[in-house]
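Chains as they are written, first to last, in my numbering: chain L, 4 to 684; chain B, 18 to 330; chain E, 474 to 701. The C-beta atom is built at its ideal place from N, Cα and C for all residues, glycine as well. Please read all numbers here as calculations on a predicted model, not as lab measurements. Structure first, commentary second.
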Amino acid sequence: MLEGLIATLIANGWVAVLLAYAAGSMGSILCLRTASLGRLLSTGFGVAGGLLQVWVSLATILEGNTVSWAVPSGVPFLDIGLRLDPLSAIFTLALGAVAIAVSVYSFGYTSALTAGRSAILGFFFNLELLSLSLVFTASNAFFFLIAWEVMALSAYCLVSFEHHREATRDAGILFFVMSHVGTGFLIAGFLVLHSMTGSFEFANFHVTPAPLQYGALFSLFLLGFGVKAGIVPLHIWLPAAHPVAPSNVSALMSGIVVKTGIYGLLRVYFDFLGKPPQWAALVILAVGVSSGLLGVLYALIEKDLKRLLAYSTIENVGIILMGMGASLFFSSISKPGLAALALAGALAHIVNHAMFKTLLFLGAGSVLHGTGTRDMERMGGLLRRMPATAILFLIGAVAISGFPPLNGFVSEWFTYQALLAGFGSTPSLTKLVFPVAGALLALTGALAATAFVKAFGISFLALPRSSESEHAHESHWTMLVGMAIPALSCVALGVGATWLLPALDSVTAQLLGVRSSASFVTSHGLVLNSGALHGGTVSIPMIAILLILLSLTAILIGSAGFRRANRRTGPAWDCGLPGLTAENEYTATAFSKPLRMIFAALYQPKREIQQQFDISPYYPKSVLFESEVEQTFESRLYKPLKDKVLERANRLRAIQAGSIHAYLAYIFLTLVALLLFGARP
Amino acid sequence: MSKMLLASIFQLILLLCISPLISGIIKTLKARLQMRRGPGIFQPYRDLNKLLRKQMVIPETASWIFAAAPIMVFATSVLVGLLVPMITAEAPLSLFGGVLAVVYLLGLGRFFLALGGLDAGSSFGGLGSSREMTISALAEPAMMLAIFTVALSASSTNLSEVVRGAIGQSWRFLVPSQMLAFAALFIVLIAETGRIPVDNPATHLELTMIHEAMILEYSGPYLALIEWGAAVKQLILMTLLINIFYPFGLSLEWNAASLAIGCGSYLLKLVILSVLIVLVETTNAKMRLFRVPELLAVAFVLGALALISTFLF
Amino acid sequence: MYFYQDTQFGERMITLMAALVLVLQIAMVGQRWLVTNIRVFAAQSFLLACIANTIAYYNHAPHIYIAAALTFLVKVVFVPILMERLVAKIDIRQEIEPLINIPISILIAGGLTLVGYVVAESFYHPKEGISPATLGHNTLAVAISLFLIGFFMMINRRKALTQVLALLSLENGLFLAAISLTYGMPLIVELGVFFDLLVATMVLGILVYRIRETFDSMDVSQLRRLRG
């Protein structure tokens, strides 16, 4: 009785969510003239939808039940089927939270736009939220693909929003092409599934394929969803498209849109396909390790703040995939308990990354808003000019670097524990893979910390490097509130991890058939446990409390010097030159120089120095320094591919005669061929 | 509960008191080996005392990050110290975090210190931060592999479990994987504490500084907190090295006799390790910055060998 | 029974020394200086001789003592002295310039060790307990790794002299495999091998000298054209 009531509530709630986003989108476009009303409607419905979505998703996860609807549409195959199960709900939970934060933020962020443009932005933004909600809950392949396309198209429109810049248009087209190549693989994958089951319903897709079929399905979906998730080497669109989009859109794209790829992979590998073979798990693990490492290595050398964040998204997708790969491996050797441990890490990281990456992109947007530049070489000293943005960005930077007591640490800790448990899980030499993956995860994490020291330190600290940052201003309060929401979530998800982890139970129960959170949390909910008998333990709340206590102790110890009488401000050491100016400061390029040299094999850095001398060869009048890094994947992999495709396309021009008769003949011949194919006995 | 509190306070005092002493011992030994008289082993205490009383000069360009860095460095180091078994096999707060918490908390301290280095806006701070982050990032995988090797044989990342597992094994110090992991972790210790051949703690020569460049702008009590925190961190890394690999004498229960034995053997092991460090420091020349990755690659491969060795040997 | 009569102790010592041999091999990959490289080789050979002695002691196989003594004389004393004198005599640049940079070479060496273990795993059948007869079996992986890394070093190095060193360390791998698997080949075969090596070293030494005289360099990549 009660369960029925809750199911009804959830179902109605979900419909209300969809309606809210649709209303936000429609309301926004209808108010083409009155900007403030349009922005208010877009934000209001976005927040309302997001709040409802968070509630509905939480209810689904905590109840652990599945609600489904099907509305027949009359068109064959195309029933509008929706299904909200715990796996979907994890993603919609993150989506709802991000939607709230970004909607609030957008209110301030779009205030500078003209009425028409903010209406268009609001329209596509809410449409994106709607289509994302549908992607996560579609329950048949056709409807899923339609939602997928709407999502990709509205994302394309959002990316190309500032289309007066050529770079933006190029990035939009790259995104469009890559996205559709991915969709092509997805269609192929679903068709293979259809040929095996004779249905397009997700519910009927639970198959146990033969090894060869598994291989085909595995690779088709890995390529299809991998493009969206931005795994290396299918990632090239991501660092191009995310930075050029308006920052609120970048936040949504890096926070959630990328996760649709992960959602698809989880759905297919864990839900549809039966027990995976070991090689598949190891492939995912390897993809995860390489995406993590390469993503962070490219993030390190970026001086464009938003591109740095985009590359770090690739890194985090890598970390998620490591957890996923480990989980698949444990499933393949029938260790559901360990598989749940690894999956918990991956799922937690999905939510966590949605939070801190949203926060960081919104922060970068705030900086862009205040200074008008994304180039870190032109920033500096922003902490004094934008104090609130700085603190919020710092929280995000600490969280994404995986430091306790914030949330990034929790999911990385679970991933480490899973990888370590992998060593003992099998007697074969394969087990060596796990600790090595763990060590590379450590390298990835440490490099990420370096990248974010750079991102925060160069942008916010010391002296401003340009007049734009000299005159930067703090953002509108709605933007700060928009950032505060994910920032608080980062703290809450970190310190409160022990209380929030049981929520993952219903997902592991759905995908692996075990509820293991009870073994993850011990000692009155204070301590996280890896689940093994003497495995690792960690207590984030206690670490947080002790850090605060010990910081107070430190202040006490140093208190003598903290008295104002005993301190004096003076100039920083300026190397003997008269006065410390911004030119003396370390730049973003200089900061990453040691790593650029050490990993020269990857970056292939080229540099050119031109000096002009006046009198003495020791005092150049002007120095021009240019440094360039090769985008290995673009130039070595995609450029030859593109050239080859264009060359082939040129040859095909022969059949494009331009005559209407020829085209009619093509259509006619296709029709006949299809009829004959269909009439085949 | 009260025992945990008591043990924590005991270890806290031990940490704060011994850590400058070890720095002093290393400095004096080094001086003696180089035929100098040296300042005496209690000099770090005098330095700290002096620094805590001195006036601070804060750079005009600095923000609150500059003040937060020393506090975070000190707090994280001391917190980590409570997670590591020093003289008892059971660390006071071992339940609250194992190896991973140790590594990441130290990382948190370093993160803020690097920001503090950048905050003043002088070129040296940036130079130091950049190099420090680079070296520690490269040292991280070697450190993890070495620690994993030990953690895997105890199948736990909880340090007290690891140490207990280690006490139970005979001939342990002859097992190749342990030797290799020890060697790897020793190189990491050298790199993380900024010693020759990676960095020179005694130099203020502009172009070769790493750690010292980063904290160049600090003075007075802030500097005292950083120095003290660094000493605690050094002590912790040394403790990890001696107690994980050579857990002789660690006391398993709480009574005066076994605690005394624990204290004594702990100090003895620390001194031996200090001598080892001093020998390495005096017989090597500082490396060029871009040679350091070679050393860390050696550490990584040693860690990997240690791991592989657990497999067949 | 004294502790040194315990087979388990012998087992530990052998694995420990084998591990050190492997570490020294990787140290050779990572070492820049020619003279240090020669000394590392000497140290490696010394450890090898110790392993041979230990196996001889526990297996009561006196002919291995002879092999150990020969190893000591030839590889620890004679060849290093010969090579150091050669280095001093031809007065070349001391630095080894490998084709692949050192960190990557070291990582490749680590990878080759893994290959060695994978190969050895297929031969490895642990038995209950340790009898003197199984002593040293588990060093096969080390032996194979030594061989592979030695081979890699030969490919990776430019100077003829360093290639000789690589060849010698490769032979160390073979020697380790031989004593650990069969408690030594028949003595006569071993004598032959040693003699071969000795001659090879001397011939190569002379050749290096000649190359140096002709080309003003020991870089074998300059030996592209065959001359009459």
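Among 302/L, 321/L, 70/L and 322/L, which one has its Cα closest to the Cα of residue 313/L? Your numbering for residue 313/L matches position 310 in the first sequence. Closest by alpha carbon: 302/L.
Counting pairs of Cβ atoms below 8 Å between the region 58-78 of chain L and the region 118-128 of chain L, do you hit three or more? Not touching, per the Cβ criterion.
Would you call the region 229-245 of chain B and the region 129-140 of chain B in contact, with 3 or more CB pairs under 8 Å? yes
Pick helix, strand or coil for residue 569/E, following the three-state DSSP scheme. Indexing the third sequence from 1 puts residue 569/E at position 96. Correct three-state label for residue 569/E: coil.
Does DSSP put residue 74/L in a helix, in a strand, or in coil? As a position in the first sequence, residue 74/L is number 71, starting the count at 1. Strand.
Report the neighbours of residue 496/E on chain B: residues whose CB is nearer than 8 Å to its CB, in chain order. Counting from one through the third sequence, the residue named residue 496/E turns up at place 23. Residues of chain B passing the Cβ test: 197, 200, 319 and 322.
Between which residues of its own chain and residue 467/L is the CB-CB distance below 6 Å, once the five residues before and five after are set aside? Working through the first sequence from its first residue, we reach residue 467/L at position 464. These residues qualify, in order along the chain: 383, 384 and 473.
Using a Cβ-Cβ distance under 9 Å, would residue 118/B count as near chain L? Here residue 118/B refers to the residue found at position 101 of the second sequence. Yes, contact with chain L.
Residue 645/L: first and last residue of the uninterrupted alpha helix (DSSP H) it sits in: Translated into positions along the first sequence, residue 645/L becomes position 642. Counting along the chain, the alpha helix (DSSP H) containing residue 645/L begins and ends at 642-654.
Near residue 221/B, which residues of its chain fall below 7 Å by C-beta distance, leaving aside the five closest residues on each side in sequence? As a first step, residue 221/B must be located in the second sequence, where it is residue number 204. The residues are 229.
Euclidean distance between Cα positions of residue 373/L and residue 487/L: Your numbering for residue 373/L matches position 370 in the first sequence. Your numbering for residue 487/L matches position 484 in the first sequence. Distance between the alpha carbons of residue 373/L and residue 487/L: 17 Å.
Test: residue 416/L CB closer than 9 Å to a CB of chain B: Locating residue 416/L in the first sequence gives position 413, where the first residue counts as 1. Yes - at least one Cβ of chain B is within 9 Å of the one on residue 416/L.
Restricting to Cα atoms, I'd like to know which of 212/B, 122/B and 204/B is closest to residue 302/B. As a working note, residue 302/B is residue 285 in the second sequence. Ranked by Cα distance from residue 302/B, the options 212/B, 122/B and 204/B are led by 212/B.
Which residue spans inside the region 31-119 of chain B form an unbroken alpha helix (DSSP H) run of at least 4? 60-70 and 81-100
Where do the ends of the alpha helix (DSSP H) carrying residue 610/L lie? Looking up residue 610/L in the first sequence gives position 607. For residue 610/L, no alpha helix (DSSP H) segment is defined; the enclosing uninterrupted segment is the beta strand (DSSP E) at 609-616.
contact_flag[the region 484-498 of chain L, the region 99-117 of chain L] where n(CB pairs < 8 Å) is 3 or more: Yes, the region 484-498 of chain L is in contact with the region 99-117 of chain L.
So with Cβ pairs under 9 Å, would you call residue 502/E a contact of chain L? In the third sequence, residue 502/E corresponds to position 29, counting from 1. With 9 Å as the cut-off, residue 502/E does not count as an interface residue toward chain L.
First and last residue of the beta strand (DSSP E) that includes residue 557/E? For the purposes of this step, residue 557/E is taken as the residue at position 84 of the third sequence. Unbroken run through residue 557/E is the alpha helix (DSSP H), 552-563; no beta strand (DSSP E).
Residue from 139/B, 138/B, 300/B and 252/B with nearest C-alpha to residue 286/B: Start at 1 with the first residue of the second sequence, and residue 286/B comes out as number 269. If we check each option's Cα against that of residue 286/B, 252/B comes out closest.
In the region 151-177 of chain L, which residues sit with their C-beta less than 9 Å from some C-beta in chain E, listed in chain order? none
Quick one: Cα of residue 557/L to Cα of residue 249/B, how far? To locate residue 557/L, count along the first sequence from 1; it is residue 554. To locate residue 249/B, count along the second sequence from 1; it is residue 232. Straight-line Cα distance between these residues: approximately 13 Å.
Chain B contact residues for residue 576/E, given Cβ-Cβ distances below 7 Å: Stepping through the third sequence from its first residue, residue 576/E is reached at position 103. What residue 576/E touches in chain B: 310, 311 and 314.
So, do the region 455-470 of chain L and the region 87-98 of chain L have three or more beta carbon pairs nearer to each other than 8 Å? no
Exposed or buried, which one is residue 579/L when buried takes at least 16 other CB atoms within 10 Å? Translated into the one-based positions of the first sequence, residue 579/L becomes position 576. With fewer than 16 other Cβ atoms within 10 Å, it is exposed.
Under 8 Å, CB to CB, which of the residues in the region 526-540 of chain E have a partner in chain B? none
C-beta contact flag for residue 264/L and residue 228/L at 9 Å: What you label residue 264/L is simply residue 261 of the first sequence in a count that begins at 1. What you label residue 228/L is simply residue 225 of the first sequence in a count that begins at 1. For residue 264/L and residue 228/L, yes; Cβs fall inside 9 Å.
Do the region 255-266 of chain B and the region 81-93 of chain B touch if we need at least three Cβ pairs shorter than 8 Å? no
At 8 Å on the CB atoms, spell out the chain L contacts of residue 594/E, in chain order. Mapped onto the third sequence, residue 594/E falls at position 121. Result: 432.
8 Å contact criterion, which residue 176/B and residue 116/B should meet: CB distance rounded: Here the question's residue 176/B lines up with position 159 in the second sequence. Here the question's residue 116/B lines up with position 99 in the second sequence. About 6 Å; that satisfies the 8 Å criterion.
Listed by chain order, chain L residues near residue 591/E by CB distance under 9 Å: If you number the third sequence from 1, residue 591/E lands on position 118. Contact note: residue 591/E reaches chain L through 432, using a C-beta cutoff of 9 Å and chain order.
Taking only beta-carbon positions, decide if residue 665/L is within less than 9 Å of chain E. Counting from one through the first sequence, the residue named residue 665/L turns up at place 662. No, residue 665/L lies away from the interface with chain E (no Cβ there is under 9 Å from its Cβ).
Are the beta-carbon atoms of residue 589/L and residue 142/B separated by less than 9 Å? Counting from one through the first sequence, the residue named residue 589/L turns up at place 586. Counting from one through the second sequence, the residue named residue 142/B turns up at place 125. Closer than 9 Å, so yes.
Going by the CB atoms, is the gap between residue 154/B and residue 316/B shorter than 9 Å? Taking the second sequence and counting its residues from 1, the one referred to as residue 316/B is at position 299. Taking the second sequence and counting its residues from 1, the one referred to as residue 154/B is at position 137. Annotated as distal: residue 316/B and residue 154/B, with beta-carbon spacing of 9 Å or more.
State the DSSP-derived secondary structure class of residue 574/L, mapped to helix, strand or coil. Locating residue 574/L in the first sequence gives position 571, counting from the first residue. Note: residue 574/L maps to coil in three-state DSSP.
Bounding residues of the alpha helix (DSSP H) (the contiguous stretch that carries residue 205/L): Translated into positions along the first sequence, residue 205/L becomes position 202. No alpha helix (DSSP H) contains residue 205/L, which DSSP labels as neither H nor E.
Residues in the same chain with beta-carbon distance under 7 Å from residue 236/L, minus the five sequence neighbours each way, listed in chain order, please. Numbered from 1 along the first sequence, position 233 holds the residue referred to as residue 236/L. Once the five neighbours on either side are set aside, the close Cβ partners of residue 236/L are 636 and 640.
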